[in-house]
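> Can you read through this structure? Questions will come right after.
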Amino acid sequence: MQVDLVTETDKTCEDFVFNHLRKHFPEHKFIGEETSAALGATAGHTDEPTWIVDPLDGTTNFVHGFPFVCVSIGLTIWKIPTVGVVYSPIMNEVFTAIRRKGAF
Numbered sequence: 001m002q003v004d005l006v007t008e009t010d011k012t013c014e015d016f017v018f019n020h021l022r023k024h025f026p027e028h029k030f031i032g033e034e035t036s037a038a039l040g041a042t043a044g045h046t047d048e049p050t051w052i053v054d055p056l057d058g059t060t061n062f063v064h065g066f067p068f069v070c071v072s073i074g075l076t077i078w079k080i081p082t083v084g085v086v087y088s089p090i091m092n093e094v095f096t097a098i099r100r101k102g103a104f
């Protein structure tokens with residue numbers, strides 16, 4: 001038996017992140033774990049600026065009440081990873097990385 005642990009929280013968080021990013025970057029492309037999975041295929045990744053989002057990384061932990069979850073967001077330009085952010089809302093920790101600038 002296969003269990004789908006995608007929660008409504010996953011979908012709600014992805015919508016929230018995409019809506020916020022679209023306000024600031026309307027011309028960019030977006031790939032989301034939940035959206036791509038729902039389409040049954042990987043979304044097209046082009047040379048255009050593309051945001052890649054896992055809105056609830058650690059769904060299994062979330063479902064079982066473990067505090068080890070985060071929001072993972074990356075930006076690629078010309079298919080090159082350029083910016084990355086990992087935010088743990090429960091631990092209130094943020095990790096960022098910028099190409100050629102380092103990780104913090």
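In full-length UniProt numbering, the protein residues as written are 1 to 104.
Glycine included, every Cβ here is placed at the ideal spot set by N, Cα and C.
(1) For the beta strand (DSSP E) containing THR76, list its first residue and its last residue.
(2) Excluding the 5 residues preceding and the 5 following PRO81 in the sequence, name in chain order all residues of the same chain whose CB lies nearer than 7 Å to its CB.
(3) Short of 6 Å in beta carbon distance, which residues of its chain neighbour VAL83, apart from the five on each side in sequence? Order them along the chain.
(4) What residue range does the beta strand (DSSP E) around VAL53 cover?
(5) How about the segment 60-70 and the segment 85-99: do they share at least three Cβ pairs that are nearer than 8 Å?
(6) When the Cα atoms are used, what is the spatial distance from ASP15 to PHE30?
(7) Rounded to whole angstroms, what is the Cα-Cα separation between GLY58 and THR7?
(8) With the cut-off set at 8 Å, would you say HIS24 and PRO49 are in Cβ contact?
Reading it off the structure:
(1) As a working note, residue 76 is residue 76 in the sequence shown. Taken as a continuous stretch (DSSP letters only), the beta strand (DSSP E) holding THR76 covers 70-77.
(2) Stepping through the sequence shown from its first residue, residue 81 is reached at position 81. For PRO81, where only same-chain residues beyond five positions count, the Cβ hits under 7 Å are GLY74 and ARG99.
(3) Against the sequence shown, residue 83 aligns to sequence position 83. Contacts found: LEU75 and ILE98.
(4) Residue numbering aside, residue 53 sits at position 53 when the sequence shown is read from its first letter. That run of the beta strand (DSSP E) goes 50-57.
(5) The segment 60-70, when compared against the segment 85-99, does touch it at the 8 Å Cβ threshold.
(6) For the purposes of this step, residue 15 is identified with residue 15 of the sequence shown, where counting begins at 1. For the purposes of this step, residue 30 is identified with residue 30 of the sequence shown, where counting begins at 1. Distance between the alpha carbons of ASP15 and PHE30: 11 Å.
(7) Position 58 of the sequence shown, counted from the first residue, corresponds to residue 58. Position 7 of the sequence shown, counted from the first residue, corresponds to residue 7. In this structure, the straight-line span from the alpha carbon of GLY58 to that of THR7 is close to 11 Å.
(8) Translated into the one-based positions of the sequence shown, residue 24 becomes position 24. Translated into the one-based positions of the sequence shown, residue 49 becomes position 49. Contact flag unset, no.
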